[in-house]
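Below: one structure, written as structure tokens.
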Amino acid sequence: MNKVNAIFFKNKLKPIFGFICIVFIPILLLLISALILSKVFVNTVNYTTTILSTWVSMGLCMVILPYLFFKKIYGVSLAEFGISKITKKESIFCLISIVSLYGFLIIKTNFACTLLIIATLQNLGVVLAEEFFTKGVMFFQTKKICSNSVFRVVLCALVFAFVLHNAASPYINLLYRFPLALITGYAYLKTDKLYIPVMLHFINNMLSTGILK
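Here the sequence shown stands for residues 952 to 1164, where the numbers follow the numbering used here.
Structure, rendered in structure tokens:
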């Protein structure tokens, strides 16, 4: 019985505990870094400092530190987190998406270029960090828990919708963010790369950005 329990702990409980740590420790660090940066920029709160804070805090806590941790423990490469050579089809999809998105936004905002640049920089930092974290990092860890692809997509989508965005309304998370995470999760599962999930997430965020409405 002890041997069975030891095997179960090694194969299941340990990866589950690791997943929980991987989810909540970066989020805790993100909150701490955001608090520190808010104190640093307390007298200079503007679009520039907001964008800088986003890139620094989210980039450090959700991208750099998790990657360095996994690289140290497992010797992973960026390719295992979805960053590898982009294919021709992926390039075409991203190019068409960008042209269509900005064509629409330029017309919608009546050529408000400054607002478009601000929204782009802010959303790009958020999207890159969240997709790297919820797809690259978490998908890598969920492989150690379960090989079922549907389970992995749903689990990571739940974390994205209800943990990363816990301050938002549960109904909005259920009806809006959870389906988005399922779609981007499926795209990541099919391509094993971050490009299309990032593009889909970026389009969604740009279209819902308040300053562009």
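Heads up, the beta-carbon is just placed ideally off N, CA and C, and yes, glycines get one too.
Contact defined as beta carbons within less than 8 Å: I believe MET1157 pairs with LEU1052. What is the distance between those atoms, to the nearest angstrom? Start at 1 with the first residue of the sequence shown, and residue 1157 comes out as number 206. Start at 1 with the first residue of the sequence shown, and residue 1052 comes out as number 101. That pair is a contact at about 6 Å.
I think MET1089 touches CYS1107, with their Cβ atoms under 8 Å apart; what is that distance to the nearest whole Å? Counting from 1 along the sequence shown, the entry for residue 1089 is found at position 138. Counting from 1 along the sequence shown, the entry for residue 1107 is found at position 156. Rounded, the Cβ-Cβ distance is 5 Å, consistent with contact.
In angstroms with no decimal places, state the Cα-to-Cα distance between SER1048 and MET1150. Here residue 1048 refers to the residue found at position 97 of the sequence shown. Here residue 1150 refers to the residue found at position 199 of the sequence shown. If you take the alpha carbons of SER1048 and MET1150, they lie about 8 Å apart.
Quick one, are the C-beta atoms of SER1008 and LEU981 less than 7 Å apart? Taking the sequence shown and counting its residues from 1, the one referred to as residue 1008 is at position 57. Taking the sequence shown and counting its residues from 1, the one referred to as residue 981 is at position 30. Going by C-beta atoms, SER1008 is nearer than 7 Å to LEU981.
Can you check whether the CB of PHE970 is closer than 7 Å to the CB of GLN1092? As a position in the sequence shown, residue 1092 is number 141, starting the count at 1. As a position in the sequence shown, residue 970 is number 19, starting the count at 1. Against a cut-off of 7 Å, the Cβ pair of PHE970 and GLN1092 comes out as a contact.
Entirely within the stretch 1020-1085 and at least 4 residues each: give me those alpha helix (DSSP H) ranges in chain order. 1039-1059, 1064-1082
Hey, is THR999 close to the ligand ZN, as in C-beta under 6 Å from one of its heavy atoms? This structure simply doesn't include the ligand ZN, nor any ligand for that matter.
Whole-angstrom C-beta distance between PHE1153 and LEU1066, which should lie under 8 Å: As a first step, residue 1066 is located in the sequence shown; it is residue number 115 there, counting from the start. As a first step, residue 1153 is located in the sequence shown; it is residue number 202 there, counting from the start. Their Cβ separation, rounded to whole angstroms, is 16 Å, which puts LEU1066 and PHE1153 out of contact at 8 Å.
Output yes or no for whether 7 Å exceeds the beta carbon distance between GLY1033 and LYS1086. The residue you call residue 1033 lines up with position 82 of the sequence shown. The residue you call residue 1086 lines up with position 135 of the sequence shown. Yes; because the gap between Cβ atoms is below 7 Å, this pair is in contact.
For LYS1141 and ILE1134, the rounded distance between their alpha carbons: Counting from 1 along the sequence shown, the entry for residue 1134 is found at position 183. Counting from 1 along the sequence shown, the entry for residue 1141 is found at position 190. Cα to Cα, ILE1134 sits roughly 11 Å from LYS1141.
Counting C-beta neighbours from all protein chains within 10 Å, is the total for TYR1018 16 or more, i.e. buried, or is it exposed? The count along the sequence shown starts at 1 and reaches residue 1018 at position 67. Label assigned to TYR1018: buried.
By a C-beta neighbour count over all protein chains shown, 10 Å radius and 16 as the cutoff for buried, is ILE1002 buried or exposed? For the purposes of this step, residue 1002 is taken as residue 51 along the sequence shown, with counting starting at 1. Its Cβ being crowded by 16 or more others within 10 Å, ILE1002 is buried.
Those runs of the alpha helix (DSSP H) which lie wholly inside the stretch 1085-1122 and span at least 4 residues: 1089-1093, 1100-1109
Round the Cβ separation of GLN1073 and THR1005 to the nearest angstrom and send it over; I've been treating them as touching at under 8 Å. Sequence index remark: in the sequence shown, residue 1073 carries index 122 (1-based). Sequence index remark: in the sequence shown, residue 1005 carries index 54 (1-based). Yes, GLN1073 and THR1005 are in contact; Cβ-Cβ is about 6 Å, under 8 Å.
Can you name, in chain order, every residue of its own chain whose Cβ lies under 6 Å from the Cβ of PHE992, other than the five neighbours on each side? As a first step, residue 992 must be located in the sequence shown, where it is residue number 41. Correct list, in chain order: THR1000.
Whose C-alpha, out of TYR1139, SER1159, SER989, LEU1016, is nearest the C-alpha of ARG1103? On the sequence shown, position 152 is the one that residue 1103 refers to. Checked all of TYR1139, SER1159, SER989, LEU1016; the closest Cα to ARG1103 is TYR1139.
C-alpha gap between ALA1119 and ALA1112, whole angstroms: On the sequence shown, residue 1119 is found 168 positions in, with the first residue counted as 1. On the sequence shown, residue 1112 is found 161 positions in, with the first residue counted as 1. Taking the straight line joining both Cα atoms gives about 9 Å.
Excluding the 5 residues preceding and the 5 following ILE987 in the sequence, name in chain order all residues of the same chain whose CB lies nearer than 7 Å to its CB. Here the question's residue 987 lines up with position 36 in the sequence shown. No residues qualify anywhere along the chain.
Starting from PHE975, trace the alpha helix (DSSP H) both ways and give me its first and last residue. Along the sequence shown, one-based indexing puts residue 975 at 24. Counting along the chain, the alpha helix (DSSP H) containing PHE975 begins and ends at 965-991.
Would you identify the three-state DSSP class for LYS1141, choosing helix, strand or coil? Here residue 1141 refers to the residue found at position 190 when the sequence shown is read from its first residue. The answer is helix: DSSP assigns LYS1141 an H, G or I state.
Would you kindly work out how many angstroms separate the C-alpha atoms of GLY1010 and CYS972, rounded to a whole number? Residue numbering aside, residue 1010 sits at position 59 when the sequence shown is read from its first letter. Residue numbering aside, residue 972 sits at position 21 when the sequence shown is read from its first letter. GLY1010 and CYS972: Cα-Cα distance of roughly 18 Å.
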